[in-house]
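One point on numbering: in numbering that gives the first Met the number 0, the residue at position 10 of the sequence shown is 9, and numbering is uninterrupted. Below is one structure, written out as structure tokens; comments come after it.
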Amino acid sequence: MTIEVLAVDDSRTMRNMIKMALNTDDFDVHTADDGQHGLEVLAGIAPDAIITDINMPRMDGFQFIDAVRDQDKHRATPILVLTTESAPELKMKARDAGATGWIVKPFDPTKLIKALQMVAG
Numbered sequence: 000m001t002i003e004v005l006a007v008d009d010s011r012t013m014r015n016m017i018k019m020a021l022n023t024d025d026f027d028v029h030t031a032d033d034g035q036h037g038l039e040v041l042a043g044i045a046p047d048a049i050i051t052d053i054n055m056p057r058m059d060g061f062q063f064i065d066a067v068r069d070q071d072k073h074r075a076t077p078i079l080v081l082t083t084e085s086a087p088e089l090k091m092k093a094r095d096a097g098a099t100g101w102i103v104k105p106f107d108p109t110k111l112i113k114a115l116q117m118v119a120g
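Printed below as a string of structure tokens:
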């Protein structure tokens, strides 16, 4: 089974790192460069999991999570927050918005794969 993933991050380097980490037959990765673009890409796909950064222009990760959760078809889609932030209050805010998990950058590719397999499997 291929796990379809949407990765939303304003850093091209980070998007490329996520794509490289998930560069196996087990994953099909779509990318977006901020929350607004993420919603546009999301309109055309049905991902098994979403990865999002928090600090992005136009629409940040919290606003993006809220917008995704407002859509019936994505209410249960797992969302992993991948960010440099590690403050407990931000984790709580993300969880309250509907995030499934939190991974701090720089990430371990093996842990990212395991987390995605766990939430989307």
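Just so you know, even glycine gets a beta-carbon here, dropped at the ideal spot from N, CA and C.
Taking only three categories from DSSP, how would you classify residue i?
| i | result |
| --- | --- |
| residue 9 | coil |
| residue 39 | helix |
| residue 66 | helix |
| residue 119 | helix |
| residue 31 | strand |
| residue 44 | coil |
Would you say residue i lies against chain B (beta-carbon separation less than 8 Å)?
| i | result |
| --- | --- |
| residue 44 | In summary, chain B is missing from the structure at hand, where a single protein chain is found. |
Thinking residue i and residue j are a contact (beta carbons under 8 Å), I'd like their distance in whole angstroms, please.
| i | j | result |
| --- | --- | --- |
| residue 129 | residue 26 | No answer is possible for residue 129: the residues shown for the chain start at 0 and end at 120. |
| residue 80 | residue 66 | Not quite, the Cβ-Cβ distance comes to about 15 Å (not below 8 Å), so this is no contact. |
| residue 43 | residue 51 | That belief does not hold up - the Cβ atoms of residue 43 and residue 51 are roughly 17 Å apart, past 8 Å. |
| residue 6 | residue 30 | 5 Å |
| residue 102 | residue 89 | That belief does not hold up - the Cβ atoms of residue 102 and residue 89 are roughly 13 Å apart, past 8 Å. |
Which residue wins for smallest C-alpha separation from residue i, given the options the options?
| i | options | result |
| --- | --- | --- |
| residue 11 | 33, 23, 83 | 33 |
| residue 104 | 77, 116, 53 | 53 |
| residue 115 | 58, 61, 77, 73 | 77 |
| residue 109 | 7, 16, 9 | 16 |
| residue 64 | 88, 96, 43 | 96 |
| residue 2 | 69, 74, 47, 30 | 47 |
| residue 36 | 113, 57, 14, 19 | 57 |
| residue 68 | 91, 49, 85, 20 | 49 |
| residue 98 | 55, 19, 28, 118 | 118 |
| residue 70 | 0, 91, 38, 21 | 38 |
### Task
Run through the stretch 51-113 for me and flag every whole beta strand (DSSP E) of 3 or more residues, listed as ranges in chain order.
78-82, 100-103
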